[in-house]
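Report on the following structure.
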Amino acid sequence: MNKGEFVEALADRLDVSRAQADRALSAVLDIIAEQLAEGGKVAFTGFGSFEVSERAARTGRNPQTGATIEIAASSVPKFTAGATLKAAVNK
Numbered sequence: 001m002n003k004g005e006f007v008e009a010l011a012d013r014l015d016v017s018r019a020q021a022d023r024a025l026s027a028v029l030d031i032i033a034e035q036l037a038e039g040g041k042v043a044f045t046g047f048g049s050f051e052v053s054e055r056a057a058r059t060g061r062n063p064q065t066g067a068t069i070e071i072a073a074s075s076v077p078k079f080t081a082g083a084t085l086k087a088a089v090n091k
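Residue 79 in full-length UniProt numbering sits at position 79 of the sequence shown, and the numbers go up by one each step.
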């Protein structure tokens, strides 16, 4: 399911226009991104949580040349599934 299909399903479920559903979804995703950018965590009980994880600097290898390269440290978003979501997936 892509974003367009998700917006359509959301609009049908909420009985609102696609434009309203798109604005609502965009707002939710923007809020999550803003919280993560500030180093915060967003948790939905039962569904899961979004948080920032730190990756240390490391040495990698260019697969084409075999040369070693330095990969800089970075912050990456991480999602951890909650119990209800896990149960729904595993039925």
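We treat Cβ as the ideally placed atom computed from N, Cα and C, and that holds for glycine. Just so you know, these numbers come straight off a predicted model, no measurement behind them.
Cα-Cα separation between residue i and residue j, rounded to whole angstroms
| i | j | result |
| --- | --- | --- |
| residue 2 | residue 45 | 24 Å |
| residue 66 | residue 83 | 42 Å |
| residue 14 | residue 72 | 44 Å |
| residue 61 | residue 75 | 20 Å |
Of the residues the options, the one placed nearest residue i, counting alpha carbons only
| i | options | result |
| --- | --- | --- |
| residue 53 | 13, 47, 77, 5 | 77 |
| residue 132 | 69, 51, 65 | The chain is shown from 1 up to 91; residue 132 falls before or after that span and cannot be answered. |
| residue 32 | 57, 43, 56 | 43 |
| residue 22 | 51, 73, 8 | 8 |
Bounding residues of the alpha helix (DSSP H) (the contiguous stretch that carries residue i)
| i | result |
| --- | --- |
| residue 83 | 83-90 |
Where residue i sits in the DSSP three-state scheme
| i | result |
| --- | --- |
| residue 26 | helix |
| residue 7 | helix |
| residue 34 | helix |
| residue 45 | coil |
Assumed close pair residue i, residue j - CB separation to whole angstroms, cut-off 8 Å
| i | j | result |
| --- | --- | --- |
| residue 85 | residue 48 | 6 Å |
Host beta strand (DSSP E) of residue i (start-end)
| i | result |
| --- | --- |
| residue 50 | 48-55 |
| residue 16 | Here residue 16 belongs to no beta strand (DSSP E), and DSSP marks it neither H nor E. |
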